[in-house]
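As numbered in the working numbering, residues 10 to 410 make up the sequence shown, in order.
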Amino acid sequence: DVLGMWALIFLWLTAGVWVGVTVHDLALISNNRKDFILDVTGVNRYCPLIPKVWSTLAGYRMISGLVASPKLSARLLGLVLAIPLAPVLIAWNFVALMFVMCPLILLVFMRHPIRMSRAWVFIASIVCFFYGLALTLQGLAYVCSQDLRPRYALTWQPEQLGNSTAGPSSVCTCGCDYDISFSVCMNLTVIGAMTTLKSCFLALRCLKGLRRSQWASLLTVEFPVPLTAYSVDWRRPDGKPIQFRTEEMPVQGEVAFDPFALMDEQPESAFTTVTLLPEPVHNFKDGVLVKPLRKLEAASIPMPEIYQLDSIKVTRAEYIGCCGFAWPTGGTHCVYDDEFLEALEANGPEIVPEMLTRSKSGISASLHTPLGATKLGNFADDESPSENEEIPRFGDPRDHS
Numbered sequence: 010d011v012l013g014m015w016a017l018i019f020l021w022l023t024a025g026v027w028v029g030v031t032v033h034d035l036a037l038i039s040n041n042r043k044d045f046i047l048d049v050t051g052v053n054r055y056c057p058l059i060p061k062v063w064s065t066l067a068g069y070r071m072i073s074g075l076v077a078s079p080k081l082s083a084r085l086l087g088l089v090l091a092i093p094l095a096p097v098l099i100a101w102n103f104v105a106l107m108f109v110m111c112p113l114i115l116l117v118f119m120r121h122p123i124r125m126s127r128a129w130v131f132i133a134s135i136v137c138f139f140y141g142l143a144l145t146l147q148g149l150a151y152v153c154s155q156d157l158r159p160r161y162a163l164t165w166q167p168e169q170l171g172n173s174t175a176g177p178s179s180v181c182t183c184g185c186d187y188d189i190s191f192s193v194c195m196n197l198t199v200i201g202a203m204t205t206l207k208s209c210f211l212a213l214r215c216l217k218g219l220r221r222s223q224w225a226s227l228l229t230v231e232f233p234v235p236l237t238a239y240s241v242d243w244r245r246p247d248g249k250p251i252q253f254r255t256e257e258m259p260v261q262g263e264v265a266f267d268p269f270a271l272m273d274e275q276p277e278s279a280f281t282t283v284t285l286l287p288e289p290v291h292n293f294k295d296g297v298l299v300k301p302l303r304k305l306e307a308a309s310i311p312m313p314e315i316y317q318l319d320s321i322k323v324t325r326a327e328y329i330g331c332c333g334f335a336w337p338t339g340g341t342h343c344v345y346d347d348e349f350l351e352a353l354e355a356n357g358p359e360i361v362p363e364m365l366t367r368s369k370s371g372i373s374a375s376l377h378t379p380l381g382a383t384k385l386g387n388f389a390d391d392e393s394p395s396e397n398e399e400i401p402r403f404g405d406p407r408d409h410s
C-alpha cells in the first residue's frame, strides 16, 4: 500500500519534529535550561561520536586530500576522480544521512533531549524536506500518467433472488477496481510541496542557533529577531520612560518583541528610528568581571578562560567557515582591551613578546600573538610585572590572533 506507507512515514516524522520543537522552545524560554542547548561547536565537542561517524561515512577525505595536495599530479588525479565519483558520493551521503545519521542523532536526542533538541530538529527537517520532495514528485507522476496511479478494488456480495437455481452454499462475490482519482493525486502533490516548503523554513530557523547558541530564536514563533535582543531599554530623549510605560513597568515583558512595534505610540515616532548596536556581554574593569548592563533572556555567550583575574584572558581559537559556522582551530587566543592596543600602537610590536612571557603563580598557556605562538613562562610572585607595564585584558572583542 503506497499511500499507507507515505502516511505512516509522515506521521512518525511530524511527531518527531513536534517533540523536538516543543522541547527546544520550552528549554529556550527557561532561565535554568536555556544555556544547555548545543550549537554545532557544542555538538562536536560534547558528542564527538557524531562528527566521527559522519566524517568516516562521507567518503570524500581521500579526494579532498588529493585536490588540496601541493603536487600538480595529485591535484589532477583528484579532479579526475572527483568528476565521475561525484554522483556516487552524493547518493551515498544521502543514504548515510537518512539511514545512519538520522537514527544516530535521534538516539542521542532521546538520551539528551535538551542538549540535542536543536540539532535533532534540523536533521529531522532535512529528512522531512526530502520526504516532501519525493512525495511531490510522485504526486506529479500520478497526475501526468493514469497508468502509474495506484488502484483500489470495491467488492460486494449480491443478494440471491428467490427463483435462483443456485444452492444455499454457493456465494457470489462481485467487484470492480478503480484508479486513484485526479483530485486525490493533486492533494498529494500539494501536501508534498507544503511539507517541503515548511521543512526548509524550519531548518533555516535552526541555523542561527546552530551557528551560535546565543543567537537562537524560538522555532514556534516566526520572528527574525533573536531572543538576545531582550530585554528592551527604551526611553524618551529626555531620559524619562516612553509613553504608556512607567519606571517599574518593562517596555516589553513577553518573549517575542518587535523593536518597531511601539514606535507608532510615541510622540517622536515621526522623526526617530530604532538602531540595534552590538555590545560586548562580558566586560572587565580592573581585572574584574562587570555584570552586563542588560538582562539576557536567551542562552549566554561562552565565558572566557581567565588566567588570574588581574592577568590574561583567553578564548578558544576559531574561524568562521562556510555559511557562518564557527569551527574551532584547536588553540586559544587572547582578546585585548583598548589600553593594550594603544600601547601597542605607541611602542610597536616589540613589546608583545615581553608582555606575553610573564605570568603570575606559575600559570602556563599557549597563546596566538601578533608575532606567532608564544609559551607563557613560569615565574615566581616576586617577578610580577611592574606597575608601569600594561597587562592584556579581556574587553572589546578585537583580537590579534
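Beta carbons are placed, not taken as given, at the ideal position from N, Cα and C, and that holds for glycine.
A quick note: this is a predicted structure, and the numbers were derived from the prediction, not measured.
Worksheet item: Nearest to residue 180 by alpha carbon, out of 187, 192, 167?
Response: The closest CA to that of residue 180, considering only 187, 192, 167, is found on 167.
Worksheet item: Any contact of the region 45–55 with the region 112–132, i.e. 3+ C-beta pairs under 8 Å?
Response: Yes, the region 45–55 is in contact with the region 112–132.
Item to complete: Go ahead and pull the three-state DSSP assignment for residue 156.
Response: DSSP, reduced to helix, strand and coil, places residue 156 within a helical segment of the structure shown.
Practice prompt. Can you grab the Cα-Cα spacing for the pair residue 443 / residue 101, in whole Å?
Written response: Outside the shown range of the chain, which is 10 to 410, sits residue 443, and nothing can be said about it.
Fill in: Three-way DSSP call (helix, strand, coil) for residue 407 in this model
Interpretation of residue 407 is limited by its pLDDT of 38, a score under 50 that renders its predicted location unreliable; no figure is taken from the coordinates.
Discussion item. Count Cβ pairs between the region 149–169 and the region 51–62 that sit closer than 8 Å; are there 3 or more?
Written reply: Verdict: no, contact absent.
Worksheet item: For residue 198, does the count of other Cβ atoms within 10 angstroms reach 16, so buried, or fall short, so exposed?
Response: Here residue 198 is buried: its Cβ has 16 or more other Cβ atoms, across all protein chains shown, within 10 Å.
Fill in: Cutoff 8 Å; reference residue 228; Cβ partners in own chain excluding five residues on either side
30, 33, 34, 130, 211, 214, 215, listed in sequence order.
Discussion item. Using the three-state DSSP reduction, which class does residue 185 fall into: helix, strand or coil?
Written reply: Three-state result, residue 185: strand.
Worksheet item: Looking at the structure shown, is residue 337 part of a helix, part of a strand, or coil, going by DSSP?
Response: Collapsing the DSSP output to three states places residue 337 in a strand.
Discussion item. Between residue 105 and chain B, is any beta-carbon pair separated by less than 8 Å?
Written reply: Judged by its chain identifiers, the structure shown contains no chain B, having just a single protein chain.
Worksheet item: CB-CB under 7 Å to residue 18, same chain, minus the five flanking residues each way: which ones, in chain order?
Response: Closer than 7 Å at the Cβ level, and outside the excluded window around residue 18, lie 140.
Worksheet entry | residue 112, DSSP secondary structure in three states | Looking at residue 112 - three-state DSSP - the assignment turns out to be helix.
Worksheet item: So is residue 26 buried or exposed if we call it buried at 16+ other beta carbons inside 10 Å?
Response: The residue in question, residue 26, is buried, as its Cβ has 16 or more Cβ neighbours within 10 Å.
Worksheet item: At what residues does the alpha helix (DSSP H) containing residue 20 begin and finish?
Response: Looking at the DSSP string, the run of the alpha helix (DSSP H) that includes residue 20 is 11–37.
Discussion item. Let's test the definition: count the other Cβ atoms within 10 Å of the Cβ of residue 404 and tell me whether it reaches 16, buried, or not, exposed.
Written reply: Residue confidence is low: residue 404 scores 37 on pLDDT, short of 50, so the model does not pin down where it sits. Its coordinate-derived value is still stated next. Buried: at least 16 other Cβ atoms inside 10 Å.
Worksheet item: Are the beta-carbon atoms belonging to residue 72 and residue 114 less than 8 Å from one another?
Response: Taking the C-beta atoms as reference points, residue 114 is found no nearer than 8 Å to residue 72.
Worksheet item: How about residue 148 and residue 201: are their beta carbons less than 8 Å apart?
Response: Contact: yes.
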